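>
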Amino acid sequence: MPAILRRCAALVPFAAVVPFLTAAPPAPQPAPRGYVCLKAAAAPTIDGKLDDEAWKAAPWSDDFVDIEGGKKPTPRHRTRVKMLWDDKALYVAAELTEPDVWAAITQHDAVVFQDPDFEVFLDPDGDNHYYAELELNARNATWDLLLTKPYKDGGKALTGWEIVGLKTAVHVQGTLNDPRDTDRGWTVEIAWPWAGLKELTGVPVPPGDGDRWRVNFSRVEWDTTVENGTTVKVKGKPENNWVWSPQGVIDMHRPERWGYLQFSTKTSGPVDYRPDPAQATKDALHEVYYAQRDYHAKHGRYARAFADLGLDKPAAGAPEITPTKCGYDATLPHAGKLWGLADDALLWTK
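Our numbering numbers the first residue of the sequence shown as 3 and each following residue consecutively.
#1: When you compare the segment 93–106 with the segment 178–190, are there three or more beta-carbon pairs, one atom per stretch, that lie closer than 8 Å?
#2: What is the rounded straight-line gap between the Cα of Leu178 and the Cα of Asp49?
#3: Can you tell which of Leu263, Arg259 and Ala45 has its C-alpha closest to the C-alpha of Glu289?
#4: For Gly302, which of helix, strand or coil comes out of DSSP?
#5: Go ahead and pull the three-state DSSP assignment for Trp196.
#6: How about Pro1 and Ala286: are their beta carbons less than 8 Å apart?
#7: By how many angstroms is the C-alpha of Thr150 removed from the C-alpha of Leu7?
#8: Rounded to the nearest angstrom, what separates Gly1 and Glu201 at their Cα positions?
#9: Taking 8 Å as the CB-CB cut-off, is Arg78 touching chain C?
#10: Cα separation between Lys90 and Pro272?
#11: Check whether the Cβ atoms of Gly60 and Val251 lie closer than 8 Å to each other.
#12: My guess is that Leu138 and Phe120 are in contact by the Cβ rule of under 8 Å, so how many angstroms apart are they, rounded?
#13: To the nearest angstrom, report how far apart Asp346 and Asp155 are at their CA atoms.
#14: Please state whether DSSP places Gln109 in a helix, a strand or coil.
#15: Starting from Glu229, follow the beta strand (DSSP E) in both directions and report where the run begins and ends.
#16: Comparing alpha-carbon positions, which option in Thr283, Thr269 and His298 lies nearest Ala43?
#17: What runs of the beta strand (DSSP E), each 3 residues or longer, lie entirely inside the segment 254–300?
#18: Between Glu135 and Leu199, what straight-line distance do the alpha-carbon atoms span, to the nearest angstrom?
#19: Count the other CB atoms, across all protein chains shown, that sit within 10 Å of the CB of Thr203; report buried if there are 16 or more and exposed otherwise.
#20: In terms of residue numbering, what span does the beta strand (DSSP E) encompassing Ser220 cover?
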């Protein structure tokens, strides 16, 4: 996070009641998924067709699952992604199978997920704050947002923010907005220039070999019916949320549950994915964060010690809780560094 950005808008006493949105902790999940992003031998042409020679070297991701995880039914339509990068941009390709491709929204920065959509979430430095979201539908209508921090922590979505140099394209494999036939689906290509990512982080951009970023992908799909020859959403039915790395809760704005994007300077694989060695430390800190929210709701203040939270000691060790003028910091050492998580979910290390 850039040094000029501060997480405390105002100084408040530690025991003061700090209003925030309620947020249940995610259900336990396996470790976040990982993907090795190879360097492109040549930049793909952004036309939505995924037939470029460059994409042949990039492996497909695991298929998307329900946002709440493996205990929920397998999505009825397949979704998967692949990624590449070069000195100019990060490239994302997605394949969404769909027997009836439809979309109504055409204007930029509309609420695109009211249509079936594909979404990208990026947090280059993995601090849970100042991350980007991009949504697009089968008409290639886009909505790009900058999130100051998660909604549950009082974050704001800055819809006036625009991704510098963004290029997107969609290719429909069938007929758009015609339920009389059976479509194959739609494919997406995105070129997200590094210039549009430097605004989010102080980490090296473009990344170096072995660098890890936090990323996730979501697909919103609606239950539909056909009325008077037109596909319409079934009234009263919520959307389906299918994701690459499960969140454990119906909320994409839990960056700590996103997957890892591991960059490689190799142009062909295989390249081994290396899980984050600090994952257990991060998980222990986030367990304290959610327990602190519950404690605050009951007592009107945050706990001052780990023992007050009623948690079992994590394998990574019991975090230390330090009151601050804004709330608290939970800290835990790992591999010669001190990792910390603040009351507004800001993850830091020194």
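Just so you know, even glycine gets a beta-carbon here, dropped at the ideal spot from N, CA and C. As the structure is a prediction and not an experimental result, all values here were calculated from the model.
Reading it off the structure:
#1: yes
#2: Taking the straight line from one Cα to the other gives about 17 Å.
#3: The shortest C-alpha separation from Glu289 is found at Arg259.
#4: Coil.
#5: Three-state result, Trp196: helix.
#6: The structure shown does not extend to residue 1, since the chain is modelled only from 3 to 352, so the question has no answer here.
#7: Only weak support exists for where Leu7 lies, its pLDDT of 40 falling under 50; the coordinates are left without a value.
#8: A query on residue 1 cannot be resolved here, the shown segment of the chain reaching from 3 to 352 and no further.
#9: Absent from the structure: chain C. Only one protein chain is present.
#10: 23 Å
#11: It is worth fixing the name first, because residue 60 is Ala in this sequence and not Gly. Cβ distance not < 8 Å, so Ala60 and Val251 don't count as in contact.
#12: 6 Å
#13: Computed Cα separation, rounded: 5 Å.
#14: coil
#15: Thr226 to Glu229
#16: Thr269
#17: Scanning the segment 254–300 for uninterrupted beta strand (DSSP E) segments of 3 residues or longer gives 261–265, listed from N- to C-terminal end.
#18: 11 Å
#19: buried
#20: Counting along the chain, the beta strand (DSSP E) containing Ser220 begins and ends at Arg214 to Glu223.
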